[in-house]
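Undergrad:
Residue numbers (my numbering), protein chains in the order written: chain D, 626 to 752; chain Y, 626 to 752.
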């Protein structure tokens, strides 16, 4: 068993192309020998966003603090603390912080994501 | 994609033997065709507890509100909002609300849990 506050896990900047103002904490994962899926906590600064992309694996997301939008292809949904988002495999998606405080959420992925391709797509409104 | 507040998901009483004052919301799972793991949200009333048991699959837990303890075998850990708990396969565990408000947490399990045995064990201090 491992027990600890999420803020005690080191926070790393997300360097992935298309990400702005994003950081991540790896809360539970391969280093714990978790056999099936990994729990990460993301933080997006006001005005920041995750890459607009798709991949063959799912996301299971829970918003902890803040507010923003999630793009589902070309459709946007408002999100706020307490919201649950299921991103199915291969769906184009992007999280954006449109609020005044950090947008914090959990995002869980299967271990099989490790070897799968991530495809970045143009921002909405770009050719 | 599915987007919605967790409180809009129906809440069911946990009827499992050994559970007292527990309810669950199934936030993401088989009904969404989530291929690998399920997100559930548990609520334990003050004084309530989940069964003391073990099973061959893991839990990945994030505490949303409240406080309490988690038993790891015969050792207890205090838990509060923001704590992350990884329960490895086959570890004896139990969550108890020792606070004054509901203890709310996310608990994720692999889809393979569906067909696996859960073994209840005596409460600490019982023969």
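The beta carbon of each residue, even a glycine, is placed where N, CA and C say it ideally should be.
Computed from a prediction, not measured in an experiment: that's the story for all the values here.
To the nearest angstrom, report how far apart residue 749/Y and residue 699/Y are at their CA atoms.
TA: 7 Å
Undergrad: Is there a Cβ from chain D that is less than 8 Å from the Cβ of residue 707/Y?
TA: Yes - at least one Cβ of chain D is within 8 Å of the one on residue 707/Y.
Undergrad: Chain D beta carbons: is any one of them nearer than 8 Å to that of residue 656/Y?
TA: no
Undergrad: Out of curiosity, what's the CA-to-CA distance linking residue 672/Y and residue 728/D?
TA: 33 Å
Undergrad: Only counting the same chain, and skipping five residues up and downstream in sequence, which positions put a Cβ closer than 8 Å to that of residue 716/Y?
TA: 679, 697 and 698
Undergrad: Compute the Euclidean distance between the alpha carbons of residue 719/D and residue 681/Y, then round it to the nearest angstrom.
TA: 35 Å
Undergrad: Quick one, are the C-beta atoms of residue 689/D and residue 709/Y less than 8 Å apart?
TA: No, they are not a contact pair.
Undergrad: Just list the beta strand (DSSP E) runs in the stretch 662-726 of chain D, keeping only unbroken ones of 3 residues or longer that don't cross its boundaries, in chain order.
TA: 662-674, 684-690, 692-697, 700-705, 708-712 and 718-721
Undergrad: Going along chain D in order, which residues have a C-beta closer than 8 Å to the C-beta of residue 718/Y?
TA: Chain D residues near residue 718/Y: 626.
Undergrad: Is there a Cβ from chain Y that is less than 8 Å from the Cβ of residue 711/D?
TA: yes
Undergrad: Output needed for residue 685/D: all residues of its chain with C-beta closer than 7 Å, excluding positions within five of it in sequence on either side, in chain order.
TA: 711 and 733
Undergrad: Using the beta-carbon of each residue, which ones in chain Y are nearer than 8 Å to residue 722/D?
TA: Ordered by position in chain Y, no residue passes the 8 Å Cβ test against residue 722/D, which lies about 16 Å from the chain.
Undergrad: Around the Cβ of residue 666/D, are there at least 16 other Cβ atoms within 10 angstroms (buried) or fewer (exposed)?
TA: buried
Undergrad: Counting C-beta neighbours from all protein chains within 10 Å, is the total for residue 675/D 16 or more, i.e. buried, or is it exposed?
TA: buried
Undergrad: Return the residues of the stretch 667-685 of chain Y that lie within a Cβ-Cβ distance of less than 7 Å from chain D, sorted by chain order.
TA: 683 and 685
Undergrad: Throw me the rounded Cβ distance for the residue 736/D and residue 683/Y pair, which I believe falls under 8 Å.
TA: That belief does not hold up - the Cβ atoms of residue 736/D and residue 683/Y are roughly 11 Å apart, past 8 Å.
Undergrad: From the DSSP output, which residues share a beta bridge with residue 731/Y?
TA: Residue 731/Y has 666/Y and 687/Y as its beta-bridge partners, per DSSP.
Undergrad: So with Cβ pairs under 8 Å, would you call residue 653/Y a contact of chain D?
TA: yes
Undergrad: Should residue 661/Y be flagged as near chain D, meaning a C-beta pair shorter than 8 Å?
TA: yes
Undergrad: Strictly below 9 Å CB to CB, what residues from chain Y border residue 704/D?
TA: Listed by position along chain Y, the residues whose Cβ is nearer than 9 Å to that of residue 704/D are 628.
Undergrad: Whose C-alpha, out of 656/Y, 724/Y, 687/Y and 663/Y, is nearest the C-alpha of residue 731/D?
TA: For the residues 656/Y, 724/Y, 687/Y and 663/Y, the minimum Cα distance to residue 731/D belongs to 687/Y.
Undergrad: Does the separation of the CB atoms of residue 649/Y and residue 637/Y fall below 8 Å?
TA: yes
Undergrad: How big is the Cα-Cα spacing for residue 669/D and residue 695/Y?
TA: 31 Å
Undergrad: Nearest to residue 744/D by alpha carbon, out of 677/D, 640/D and 721/D?
TA: 677/D
Undergrad: Quick check: what's the CA-CA separation for residue 759/D versus residue 713/D?
TA: Outside the displayed range of chain D (626 to 752) lies residue 759/D, so it cannot be described from this structure.
Undergrad: By a C-beta neighbour count over all protein chains shown, 10 Å radius and 16 as the cutoff for buried, is residue 764/D buried or exposed?
TA: No answer is possible for residue 764/D: the residues shown for chain D start at 626 and end at 752.
Undergrad: Run down chain Y in chain order and give the residues with a C-beta less than 8 Å from the C-beta of residue 733/D.
TA: 662, 664, 685 and 733
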